[in-house]
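So the sequences go chain by chain: S and E. Using our numbering, the first residue of the first sequence is number 15, and each one after it goes up by one. Using our numbering, the first residue of the second sequence is number 20, and each one after it goes up by one. Here is the structure we will look at.
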Amino acid sequence: MNYDILVVGGGIAGMESALTLGDMGYSVLLVEKESTIGGKMILLSKVFPTLDCASCIATPKMASTFHHSQVTTMTYAEVEDIRKTPKGTFQVSVKKKATYVDADKCTGCQKCEFACTVAIPDQYNFSMVARRSAYLAFDQAVPKKAVIERHGSSPCSFACPVSMQPHGYVSLIRSGLFDKALEHILKFVPVAGSLGRTCFAPCEKECTRGELEGTIQIRKLKRFASDHYYEKYPEPKYGPPEEILDKKVAIVGSGPAGLTAAYFLAKGGYKVTIFEAENRAGGMLTLTIPSYRLPREIVERDIKNVTALGVEIKTGHRVESLTGLKKDGFDAVFVACGAMQDSKMKVEGEDLEGVVGAVDFLKGVNRGDKIDLTGKTVVVVGGGNVAIDSARVARRLGADKVYIQYRRSRAEMPAFDVEIEDAIDEDIEMQYLKAPVQFTGENGKLTKIESVNMELGEPDESGRRRPAPVEGSESSMRVDLCIVAIGQRPDIASFAENDKSKLTRWNTLVVDSTTLETDIPGVFAGGDVVSGPATVVEAAHAGAHAAVYMKRYLKGEQLPGEPLQQPLPVVDRDEVLKRQSEYNTLNPIKRNELPVKERVSNFREVELPFTDDEARYEAGRCIDCGGCSRCGQCVAACQAGAIDFSMRDEIKELEVGSVVISTGFELFDPSRKVQYGYDKLPDVITAMQMDRLLAPTRPYNTVLRPSDGKIPDNIAYVLCAGSRDHQVGNKLCSRVCCMYSIKQAQLIMGSLPLADVTIYYIDIRAFGKGFEEFYEQAKQMGISFVQGKVSSVEEGDNGNMIVQHENIAGDGKAERTEHDLVVLSVGMLPNQESLKLLSGGVIEEDSYHYVKEVDEDHSPAKTSLEGVYVAGTSAAAMDIPDTILHSGAASALAAAHVERVKK
Amino acid sequence: MSERRIGVYVCYCGGNISDYVEVEKVRDAIENEDGVIVAKTTMFACSDAAQQEMIDDINEHKLDGLVVASCSPTLHTFTFRGVAVRAGLNPYQYIQVNIREQCSWAHTDLPVQATEKAIHMVRASIAKVRLTQPLDQIRIDTVPRALVIGAGISGLRSALALSDIGISAFVIEKTDRIGGWVAGFRRMYPHDRNGSDLIAELHEEIEKRENIHIYTEAEILSKSGSVGDFDVKIKVKNEEVSLNVGAIIVATGFVSYQPSENEYAYGTDGVITLPDFKELIDNSQGELVYKGKPVKNITYIYCVGSRDPSGEKGNKYCSRYCCNSAIHASLVANDVSSELNQFHLYRDIRTYGKYELLYEEARQKGAIFINFDENSPPLVKKSNGQLNVQVKDVLTFGEEIEIESDLVVLVTAMEPRENKAMNDVLKLPVSLDGFFKEVHPKLRPVETVINGVFIAGTAQAPRNSAESVATALAATAKSASLLKKGYVELEPLIAMVNEDACVWCDKCSEACPYSAINKNIHGEKEVAQINSALCKGCGACVPVCPEGALDIKGYTDEQIRSMIDAMEVLL
């Protein structure tokens with residue numbers, strides 16, 4: 015046996031049981047699902063009838079439990095399953111939830127908490143205030159160790175191809191930490207500015223806010239961060255790493271893939287040289303993407319992020335042989351030369367002057383070739399972003415008429431919607447379901463294009479419906495320039511020839527899908543040259559990915575080696591939306607672009623940036639799906655180096671002699687009693703919230719009513735809110751509400767001496783030792799007790815609450831009494847989780863879903879399964895003294911069981 | 020020059036301290052203090068690495084004193100005591116100085132002064148450490164036997180539970196039969212179990228146990244020794260028996276309130292108490308008959324002997340069991356005779372928790388509940404042989420009701436049982452309500468201030484049978500906590516006597532709230548002696564001693580004076 019006794023739940027019942035059994039000399043494992051023990055008692059203000067401060071009497075209990083030599087306390091852990099063995103012992107599975115904080119290193123200093131950028135409703139203050147995602151439950155938490163709340167990967171972060179944790183920089187921008195936002199992005203890619211303009215933002219498609227008013231404009235926030243940072247820091251803040259290793263790496267191509275691989279390899283201390291065939295660095299960032307979408311200076315600043323590390327870029331240097339590079343002394347090679355060769359249409363007349371490939375066309379424009387299309391008619395063939403880019407560039411070069419012919423319909427068009435809309439705004443005419451069949455010319459120069467209408471048939475292998483020509487639908491038109499944008503291929507014939515590199519049928523390089531290594535050892539490849547034409551962000555991902563395995567290769571490790579850690583599973587968006595009953599309406603900032611007139615004749619950037627305020631507002635729409643945003647502020651703040659995001663949940667299998675279930679109760683959800691307006695009326699709160707407002711560790715340091723922060727002076731207590739009430743399906747009395755309400759009333763009289771307190775009740779149940787005397791004391795203090803059940807709470811004209819109730823001791827009529835704060839004395843309900851602990855449902859519940867005590871007369875705390883005992887409010891509503899006694903009973907019976915199984 | 024070899028560690032707490040206190044300056048200020056061999060700063064004193072460094076230093080420099088200036092002792096006393104123990108240093112030669120909460124956090128606006136204060140505090144602690152002596156925890160061997168006083172359901176269940184855990188039980192019972200109140204009950208709430216059966220089942224099981232002895236007609240005569248090892252003398256019939264036990268569980272039960280003459284016409288034929296009524300229905304079948312007359316109308320008057328704020332008629336407290344018990348009795352009465360009209364005259368119905376279901380069932384079966392105000396209680400009269408109860412019903416806004424009743428049942432309180440002889444021996448304090456007083460009503464309800472003596476059942480407060488059994492098991496668990504390990508360990512920070520100075524004037528023993536000081540013979544004279552098992556180190560004895568012969572270990576006058584001197588406070 016690993017432990018004599020397992021105690022499930024570290025509230026007052028669990029602590030009392032663990033201490034009692036530990037004192038007897040039994041080894042006890044106490045498992046608590048929260049990050050601290052103490053349960054609900056530690057959250058209370060004072061306790062009846064002694065008016066002891068709950069913290070003052072619970073904290074020492076918590077400390078003794080945690081420090082007890084016989085008690086092992088496992089917090090932030092959940093018992094998943096308990097199975098009885100034939101020996102009478104129990105096999106237990108405990109899930110130790112990842113805290114992402116190394117408890118041995120954490121000193122409880124809270125620096126992570128102060129640095130954290132995510133606010134979460136504080137369950138320990140019943141959502142009246144927020145806490146952070148990195149947090150200590152409260153000052154008296156035991157153990158005093160931080161945890162980071164993560165529900166899983168945020169959908170945006172999970173969708174990001176480079177895993178740059180968009181939730182993180184959104185969170186940083188929201189907090190006004192603009193510099194930090196970009197530094198966060200730079201942990202994942204060097205081409206931050208370029209991605210801020212060009213990323214297709216798969217994150218935005220997954221954004222949970224998208225289910226409400228519209229997705230957060232994450233991509234544009236990234237652009238905001240880079241604009242802000244690059245303006246402030248024209249040069250990177252860092253230089254080459256201190257330690258340079260004696261290994262050299264060659265990278266072929268300076269596009270996003272090459273730059274990103276170079277960035278990470280150089281950071282690792284490797285000497286990196288990039289070979290670029292063109293005379294300027296940047297690959298598709300500078301050669302094909304037009305500057306009205308991606309200004310050149312942004313790309314240049316991105317490239318500085320790489321060159322600052324000591325990376326050398328040799329432009330105008332075309333690599334013809336990969337093995338040659340290795341012979342030149344490079345220890346490893348990364349091929350990222352993209353897919354820069356235009357695909358051919360194989361249509362008659364394609365060789366005519368005036369029919370050009372889109373890449374060639376855009377490259378020419380970006381090189382600065384003088385091209386004037388004034389008065390010309392241009393047809394662009396294709397439906398991707400390159401087609402749109404070509405058309406819009408043609409418009410900017412003065413073309414009179416620009417058409418886009420696309421053989422499928424708008425729905426199938428792969429270009430971004432925004433791009434298509436912008437093109438249409440710029441008077442570019444879309445000709446869907448149309449494709450050229452022949453180019454004709456005069457003197458070798460294009461003059462006419464003949465096209466045919468298409469119709470869509472069955473879906474092809476890409477899932478899009480296959481277009482087929484409609485016979486007899488041919489038409490022709492005059493045209494000066496036709497730009498063919500139907501696809502690109504890598505230009506790597508030389509590698510196939512010189513290095514015998516293996517190519518696919520799409521003319522791309524063959525690599526190992528895990529390591530990105532080609533069939534030449536030490537030569538890796540990624541980006542468009544492997545995938546065919548794709549996006550900037552996918553290329554950057556390939557670069558980052560290759561860098562990981564290249565470093566392993568360079569260190570002489572066996573490839574692939576340890577698998578890379580997968581991100582946490584993505585959180586379910588519906589679950590996220592269910593966390594709150596409603597969310598504030600926050601509409602997205604409207605798209606803001608240069609007016610068409612001001613942009614079609616030049617290459618000025620079309621999209622206008624967010625202001626600081628807009629950026630913070632837009633980022634503030636984030637609902638923190640995953641909990642922690644992974645912004646990394648805690649990591650930077652923690653001097654002890656305790657934060658560890660690689661931590662994962664662990665399952666421990668244990669054998670124990672006996673089990674004590676002390677999982678506690680749940681509070682009645684007052685929104686179920688709709689007449690009391692808890693959901694609608696801000697000044698209707700629960701007594702648990704009032705207890706927090708009265709506690710020494712209270713959130714506002716005084717009692718305030720929520721609607722306007724006024725100190726209330728006329729407070730009503732509504733007893734039996736959800737108890738003794740068939741309407742909500744709870745016939746039972748909750749035993750504690752009368753007394754805690756009287757306690758709170760006394761405390762209010764102490765802290766707000768001018769306040770009136772009225773308690774509306776059916777019967778006052780002051781039945782325990784010293785309770786009746788406590789009730790008498792309350793009456794002496796001037797607390798008013800009105801016998802009569804409250805039927806409803808409404809808002810009056812002046813914003814105060816109107817309590818409708820019977821006044822039995824008066825004339826028995828229904829009365830409406832005004833109060834400025836209404837406290838619902840909500841009762842206890844069973845925590846039905848405890849019944850799921852045992853697989854096969856072998857512990858019985860009573861008719862009210864509490865754990866059934868099968869022999870209350872002889873052996874209270876005994877359940878239907880010998881060896882499993884129940885302590886405290888898992889068995890029935892009860893107050894603290896009765897819980898202590900009940901825990902004592904459970905302990906005596908558990909000890910007896912252990913003695914039996916040990917024999 | 021001190022011979023001591025002291026290590027001092029001043030913690031940054033990762034900025035929590037060093038943001039306001041100049042940690043290096045503190046170290047510089049104290050590193051040349053007398054006796055200081057090692058003086059270091061550390062980022063986190065509590066980190067594993069820092070702990071290991073301290074252990075290495077203690078071993079390498081043969082340190083015999085340790086001062087850690089960091090956070091609150093409540094946080095890390097155990098941590099650094101552990102460091103000391105692992106390094107072979109006596110844990111009571113380590114002192115924690117709280118320069119975080121008391122310097123850095125308290126004086127964020129005055130960093131210079133915060134640093135000064137920290138220096139003073141560390142100096143004071145160094146001064147104290149110079150005077151520390153190694154102390155050992157006080158270990159007392161315990162005997163695995165317990166005495167249970169009272170053989171009601173609480174006492175019997177305790178005995179059985181003790182036996183289950185391997186602790187022998189001696190049960191002494193004043194009367195000649197076991198089972199107490201419950202043995203006389205039939206159907207009990209809420210599970211309708213038969214009380215006499217419950218006792219019989221317990222008895223049968225007890226009979227099988229070799230480690231349980233029941234003595235009837237027995238009383239406690241004396242008790243000596245201390246926690247875990249008491250010598251007890253009992254009188255069984257006319258014989259004296261000596262027992263050696265580690266713990267005592269007092270389960271002496273309650274008595275039922277006897278209404279005074281004419282309280283609700285008590286004494287008049289037909290006005291009976293709840294226990295009498297229960298006996299009546301338990302012995303009735305088919306028809307309810309009282310003294311030969313059939314009973315149709317029953318009126319219950321609640322809170323008789325309870326909830327009297329003045330305390331003039333009965334008790335101030337609520338007796339807890341009675342609402343449930345009376346309603347349950349009325350349901351049993353329904354089963355005896357279906358023709359009954361039952362009227363419940365109550366103040367508040369306190370069928371707490373699941374007992375609410377009893378209240379509901381009674382209403383469904385036609386019981387009439389009438390709410391009276393405490394200031395206008397019902398009036399019971401008998402005229403022409405007919406009992407009449409007059410009551411003003413709050414629920415019908417003060418309507419005057421007169422109920423012709425065949426029986427009036429006074430729902431009477433539970434009261435503490437007088438146990439003078441026993442309590443002369445045990446000296447247990449009682450609460451204002453007359454029941455035995457627990458250490459803390461919230462958290463320590465079965466323990467008493469007398470270590471090793473526990474209270475169970477209705478001896479502590481009114482409650483029903485099942486609840487009493489829970490307290491009996493809780494008292495058993497606490498007894499086992501004490502006895503199961505075979506020894507108890509107590510903090511050594513207790514009083515000590517300088518026998519040469521002591522003149523036994525008795526002032527200290529009068530001041531001691533724990534009766535931990537006895538007279539002893541030292542050489543030729545009488546001196547005070549501290550019972551280390553009883554002393555809690557509260558210090559109440561020290562200032563009353565006219566000879567200055569008393570001190571608290573770990574907090575001696577000399578140590579405290581040295582600390583004050585070391586502070587060098589300039590006024």
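All residues carry an ideal CB built from backbone N, CA and C; glycine is no exception.
field: Beta-bridge pairing of Leu470(S) - partner residues as DSSP gives them
entry: For the purposes of this step, residue 470(S) is taken as residue 456 along the first sequence, with counting starting at 1. Answer by DSSP bridge pairing, in chain order: Pro481(S).
task: Report all residues from its chain with a CB closer than 7 Å to the CB of Leu150(S); omit the five preceding and five following residues, and keep chain order.
output: In the first sequence, counting from the first residue as 1, residue 150(S) sits at position 136. Here the set comprises Gly122, Gln124, Glu127, Lys158, Ala160.
- prompt: Helix, strand or coil for Val370(S) per DSSP?
  reply: Translated into the one-based positions of the first sequence, residue 370(S) becomes position 356. If DSSP states are grouped into helix, strand and coil, Val370(S) belongs with the strands.
query: Does the beta-carbon of Thr528(S) have 16 or more other beta-carbons within 10 angstroms, so that it is buried, or is it exposed?
result: Here residue 528(S) is taken as the residue at index 514 of the first sequence, counted from 1. That one is exposed.
- prompt: With a cut-off of 8 Å, do at least 3 Cβ pairs link the region 200-218 of chain E to the region 248-262 of chain E?
  reply: no
query: At what residue ranges does the region 329-365 of chain E contain a whole run of the alpha helix (DSSP H), taking only runs of 4 or more?
result: 341-355
field: Sub-8 Å separation of Leu553(E) and Ala535(E) beta-carbons
entry: Taking the first residue of the second sequence as 1, we reach residue 553(E) at position 534. Taking the first residue of the second sequence as 1, we reach residue 535(E) at position 516. For Leu553(E) and Ala535(E), yes; Cβs fall inside 8 Å.
task: Within the region 111-166 of chain S, note down every full beta strand (DSSP E) run reaching 3 residues or more, in order along the chain.
output: 133-135, 144-146
query: Can you name the start and end residues of the beta strand (DSSP E) that Cys751(S) belongs to?
result: Indexing the first sequence from 1 puts residue 751(S) at position 737. From DSSP, Cys751(S) is part of no beta strand (DSSP E) but of the alpha helix (DSSP H) over 751-765.
query: Taking C-beta to C-beta, are Ile231(E) and Val190(E) nearer than 8 Å?
result: The residue labelled residue 231(E) in the question sits at position 212 within the second sequence. The residue labelled residue 190(E) in the question sits at position 171 within the second sequence. Contact: yes.
query: Considering only the beta carbon of each residue, do Asp494(S) and Val392(S) sit closer than 8 Å?
result: Within the first sequence, numbered from 1, the residue matching residue 494(S) stands at position 480. Within the first sequence, numbered from 1, the residue matching residue 392(S) stands at position 378. Yes, they are a contact pair.
query: Around the Cβ of Ile773(S), are there at least 16 other Cβ atoms within 10 angstroms (buried) or fewer (exposed)?
result: Start at 1 with the first residue of the first sequence, and residue 773(S) comes out as number 759. Ile773(S) is buried by the Cβ-count criterion.
message: Please state the DSSP three-state secondary structure of Ala937(S).
response: Past the edges of chain S, shown from 15 to 917, lies residue 937(S), and the structure says nothing about it.
query: Candidates His911(S), Ile56(S), Glu334(S), Pro304(S): which alpha carbon is nearest Arg613(S)'s?
result: In the first sequence, counting from the first residue as 1, residue 613(S) sits at position 599. Residue Pro304(S) is the option with its Cα nearest to Arg613(S).
task: Tell me, please, whether the region 680-690 of chain S touches the region 834-848 of chain S by the rule of three or more beta-carbon pairs shorter than 8 Å.
output: yes
message: Which residues in chain E have a C-beta closer than 9 Å to the C-beta of Ala77(S)? List them in chain order.
response: Locating residue 77(S) in the first sequence gives position 63, where the first residue counts as 1. The CB of Ala77(S) comes closer than 9 Å to the CB of Thr93, Leu94, Phe97 in chain E, given here in chain order.
task: Excluding the 5 residues preceding and the 5 following Tyr6(S) in the sequence, name in chain order all residues of the same chain whose CB lies nearer than 8 Å to its CB.
output: Look at the range of chain S in this structure, 15 to 917, and you will see that residue 6(S) is not part of it.
field: Neighbour-count burial assignment, Tyr252(S), 16 or more Cβ in a 10 Å radius
entry: To locate residue 252(S), count along the first sequence from 1; it is residue 238. It is exposed - the Cβ of Tyr252(S) has fewer than 16 other Cβ atoms within 10 Å.
task: State the Cα-Cα distance for the pair His900(S) and Val468(E), rounded to the nearest angstrom.
output: On the first sequence, position 886 is the one that residue 900(S) refers to. On the second sequence, position 449 is the one that residue 468(E) refers to. Their Cα atoms are separated by approximately 21 Å.
- prompt: If you drop the 5 nearest sequence neighbours on each side, which residues of the same chain put their C-beta closer than 7 Å to that of Ala103(S)?
  reply: Within the first sequence, numbered from 1, the residue matching residue 103(S) stands at position 89. Looking at the sequence provided, one finds Thr at residue 103(S) rather than Ala. Met15, Glu669, Val670, Gly671, Val915.
- prompt: Could you give the residue range of the beta strand (DSSP E) that holds Lys401(E)?
  reply: To locate residue 401(E), count along the second sequence from 1; it is residue 382. Counting along the chain, the beta strand (DSSP E) containing Lys401(E) begins and ends at 398-402.
field: Cα-Cα separation between Val176(S) and Leu530(S), rounded to whole angstroms
entry: To locate residue 176(S), count along the first sequence from 1; it is residue 162. To locate residue 530(S), count along the first sequence from 1; it is residue 516. Taking the straight line joining both Cα atoms gives about 15 Å.
Gly297(S) - DSSP class collapsed to helix/strand/coil: Your numbering for residue 297(S) matches position 283 in the first sequence. Three-state result, Gly297(S): coil.
message: Let me see if you follow: with CB-CB separation under 8 Å, is Glu257(S) close to chain E or not?
response: Residue mapping note: residue 257(S) aligns to position 243 of the first sequence, counting from 1. Answer no: the Cβ-Cβ gap between Glu257(S) and chain E never drops below 8 Å.
field: Residues within the region 736-749 of chain S neighbouring chain E, beta-carbon criterion of under 7 Å
entry: Arg738, Lys745, Leu746, Cys747, Arg749
- request: Kindly list, in the order they appear in chain S, the residues whose Cβ is closer than 9 Å to that of Gly490(E).
  value: Stepping through the second sequence from its first residue, residue 490(E) is reached at position 471. Correcting the residue type first, residue 490(E) is Thr in the shown sequence and not Gly. Result: Leu899, Gly902, Ala903.
message: Between which two residues does the beta strand (DSSP E) holding Leu523(S) run?
response: On the first sequence, residue 523(S) is found 509 positions in, with the first residue counted as 1. It is not in any beta strand (DSSP E) - Leu523(S) carries neither H nor E in the DSSP assignment.
- request: Kindly confirm or deny that the region 285-301 of chain S and the region 571-587 of chain S touch, where touching means at least three C-beta pairs closer than 8 Å.
  value: Counting Cβ pairs under 8 Å, fewer than three are found: no touch.
- prompt: Are the CB atoms of Val673(S) and Leu20(S) nearer to each other than 8 Å?
  reply: As a position in the first sequence, residue 673(S) is number 659, starting the count at 1. As a position in the first sequence, residue 20(S) is number 6, starting the count at 1. The answer is yes: Cβ separation under 8 Å.
message: Contact criterion: CB-CB distance below 8 Å. Does Ala148(S) meet it with respect to chain E?
response: Indexing the first sequence from 1 puts residue 148(S) at position 134. No, its Cβ sits nowhere closer than 8 Å to a Cβ of chain E.
Between the CA atoms of Leu154(E) and Ala547(E) - distance to the nearest angstrom: In the second sequence, the residue the question calls residue 547(E) occupies position 528. In the second sequence, the residue the question calls residue 154(E) occupies position 135. The straight-line gap from Cα to Cα measures roughly 21 Å.
- prompt: Phe682(S) touches chain E at which residues, Cβ-Cβ below 9 Å?
  reply: Counting from one through the first sequence, the residue named residue 682(S) turns up at place 668. Under a criterion of Cβ atoms nearer than 9 Å, no residue of chain E is adjacent to Phe682(S); the nearest Cβ is some 14 Å distant.
task: Could you check which residue in Ser395(E), Ile368(E), Phe391(E), Asp392(E) has the C-alpha nearest to that of Arg382(E)?
output: Working through the second sequence from its first residue, we reach residue 382(E) at position 363. Comparing Cα positions, the closest option is Ile368(E).
query: Touch check for the region 162-176 of chain S and the region 83-101 of chain S: three-plus C-beta pairs under 8 Å?
result: As far as the Cβ criterion goes, the region 162-176 of chain S does not touch the region 83-101 of chain S, which means the pair count is below three.
query: Tell me which same chain residues have a C-beta within less than 7 Å of the C-beta of Glu829(S), skipping the five on either side of it?
result: Reading the first sequence from its first residue, position 815 is the one you call residue 829(S). So the list reads His819, Asn821, once near-sequence residues are dropped.
field: Selection from Val498(S), Ala499(S), Trp520(S), Ile497(S) that minimises the alpha carbon distance to Ile506(S)
entry: By 1-based counting over the first sequence, the position of residue 506(S) is 492. Answer by Cα proximity: Trp520(S).
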